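Everything on this sheet refers to the single structure shown next.
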Amino acid sequence: MITNGFVHLISKNGFQNLIQNTTAQVSIETGLKAVGRPAFTLADTHVDKETRKFSAVKELLYQLLCLGIYLAVIPFTFKKGGFALFKKICAKVNQHPEFLESITKTKELPGVKHCAIDMFKNEKGLIAIHKLSHLSPQKRQDSSNTLAVKLLKTIEKNTDWNKVPNQDKDSFMQKVLNEEQKSEFFRQFYMGKGGIEMSSIAGSVVGLTILAPELSHLILHPIMKFIGMDAPSHSDKVKKEANILDKQA
339 MITNGFVHLI SKNGFQNLIQ NTTAQVSIET GLKAVGRPAF TLADTHVDKE
389 TRKFSAVKEL LYQLLCLGIY LAVIPFTFKK GGFALFKKIC AKVNQHPEFL
439 ESITKTKELP GVKHCAIDMF KNEKGLIAIH KLSHLSPQKR QDSSNTLAVK
489 LLKTIEKNTD WNKVPNQDKD SFMQKVLNEE QKSEFFRQFY MGKGGIEMSS
539 IAGSVVGLTI LAPELSHLIL HPIMKFIGMD APSHSDKVKK EANILDKQA
């Protein structure tokens, strides 16, 4: 029952639309912290100017380092891992088409009988076809639409055409261009796409709570020293004020 509910959830297009911009959401949140926390620190007149300046620069660099480490490592690594994992899951689910159909059907639409992911060489092709499905057929067919052209090239480059049904590239691409978003053709990719996004969410949690903070702390102080931003004083009073600012921020 838990497995059925989980697969049904990640296969739903609404769920994927909600979470598919995980990286953008993390970037925006961290960017706001990088601006807001130093600004709050500088505005606190209860602490001396030197300590405020030190704490504000430290907080700004910390947030930027966290974001940089996250963007450099997490999305790429976890999307790759999610793609590899759900390739195996989809292969097993495809052996039971009746089961797959029962867990992917909705009140408005019938279930799909195939989870399509094996035809793609990597996650790029799967993500591209999902994004393309959100464009109208007219926009997909418009050669002047740069987004559509880019996505189509990504699909062609990252698809193993020997694994496409009947090895018919032309027929497959015609469906990519002409099928409606809610058609069974596009919905066969939802489960794989949902799996990749679940991996991205897991990566965000791991990256922002464990990896990025640890790495940031290791390189933060050398950077602060390099730019001439040593702690203003080692007195207990200044340390206490800096700790108060960090907690308030």
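Per this note's numbering, the sequence shown starts with residue 339, numbered consecutively.
We put the CB at the ideal spot given by N, CA and C, even for glycine.
All of these numbers come straight from a predicted model, not from anything done at the bench.
A residue is called buried when at least 16 other Cβ atoms come within 10 angstroms of its Cβ; proline 448 does not meet this threshold and is exposed. Setting aside the 5 residues that flank it on each side, lysine 520 is surrounded in the same chain by Leu447, each with a C-beta closer than 7 Å to its C-beta; the list follows chain order. Beta-carbon to beta-carbon, threonine 379 and glutamate 397 are separated by about 6 Å, close enough to satisfy the 8 Å threshold. As computed with DSSP, phenylalanine 458 is found in a beta bridge with Thr497. When DSSP states are grouped into helix, strand and coil, glutamate 517 belongs to the coil group. DSSP places lysine 387 in the uninterrupted alpha helix (DSSP H) bounded by 387 to 431.
Taking a C-beta distance under 9 Å as the contact criterion, isoleucine 561 and leucine 405 do not qualify as a contact pair. Distance between leucine 399 and leucine 558, taken at the CA atoms: about 7 Å.
Fewer than three beta-carbon pairs drawn from the segment 379 to 390 and the segment 524 to 531 are found closer than 8 Å, and the two stretches are therefore not classed as touching. Around histidine 472, the same chain offers Gln519 as residues with beta carbons nearer than 7 Å, after the five sequence neighbours per side are excluded. In the structure shown, asparagine 504 adopts helical secondary structure according to DSSP, grouped into three states.
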